[in-house]
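S.K.: Take 1 as the starting number for the sequence shown in the numbering used here and just add one per residue.
Before we start, here is the structure in question, set down as structure tokens.
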Amino acid sequence: MSFVTPTLLQILPTVHLILGLLLAAWSLMFLLRIVLTWYPKADSKSGVWAVMIWLTEPVLSLTRRVVAPIGGVDVTPVIWLGLVSLMRELLVGQQGVLSQILMRSQSIA
């Protein structure tokens, strides 16, 4: 824990919270993208759907270049939901890196 400076310890709870919320929101967006594929006639050009598509489409389009649809089904939102969930667990989950640093710093203080 020698890389943890006092300044880092002060901002770590805020970083932990914000990163956890952002990763959770992104997971929810990918989950909603999966559900949206079940309803092809849904209007995805307006409202909340348009914002969600605008935020997720850049990574999905890059992934579609590598992973082709399987049986005509776009699986890239499923892949990204898994990746974001894994990142969230590794960083801010109960046994995540940032959570462990935060818990150790609180037990030392």
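Cβ atoms here follow ideal geometry from the backbone N, Cα and C, with glycine treated the same way.
(1) Along the alpha helix (DSSP H) that carries Gln106, what are the first and last residues, could you check?
(2) Out of Ile11, Leu55, Gly47 and Gln10, point me to the one whose CA is closest to Leu28's CA.
(3) Would you list the one or two residues that DSSP bridges to Ile53?
(4) Do you know offhand how far Gly110's Cα is from Glu57's?
(5) Using the C-alpha atoms, what's the distance from Leu17 back to Met87?
(6) Sorted by chain position, which residues of the same chain lie with C-beta nearer than 7 Å to Val85's C-beta, five sequence neighbours on each side aside?
(7) Anyone know if the C-beta pair for Ser105 and Leu9 falls short of 8 Å?
(8) Using the beta-carbon count (16 or more within 10 Å), is Trp38 buried or exposed?
(9) Is Pro77 buried or exposed, if buried means 16 or more other CB atoms sit within 10 Å of its CB?
(10) Count the other C-beta atoms from every protein chain shown that fall within 10 angstroms of the C-beta of Val73, then say buried if there are 16 or more, exposed otherwise.
M.R.: For this structure:
(1) On the sequence shown, residue 106 is found 106 positions in, with the first residue counted as 1. Run containing Gln106: Val97 to Ile108, per the alpha helix (DSSP H) assignment.
(2) As a working mapping, residue 28 is identified with position 28 in the sequence shown. Out of Ile11, Leu55, Gly47 and Gln10, Leu55 has the C-alpha closest to the C-alpha of Leu28.
(3) Translated into the one-based positions of the sequence shown, residue 53 becomes position 53. In DSSP, Ile53 forms no bridge with anything.
(4) As shown, the chain starts at 1 and ends at 109. That puts residue 110 outside it, with no answer to give.
(5) Here residue 87 corresponds to residue number 87 of the sequence shown, with the count starting at 1. Here residue 17 corresponds to residue number 17 of the sequence shown, with the count starting at 1. So the alpha carbons of these two residues sit roughly 14 Å apart.
(6) Residue 85 sits at position 85 when you count from the first residue of the sequence shown. The displayed chain sequence assigns Ser, not Val, to residue 85. So the qualifying residues of the chain are Ser27.
(7) For the purposes of this step, residue 105 is identified with residue 105 of the sequence shown, where counting begins at 1. For the purposes of this step, residue 9 is identified with residue 9 of the sequence shown, where counting begins at 1. Yes, they are a contact pair.
(8) Translated into positions along the sequence shown, residue 38 becomes position 38. Trp38 is exposed by the Cβ-count criterion.
(9) Translated into positions along the sequence shown, residue 77 becomes position 77. Label assigned to Pro77: buried.
(10) Against the sequence shown, residue 73 aligns to sequence position 73. Its Cβ having fewer than 16 others within 10 Å, Val73 is exposed.
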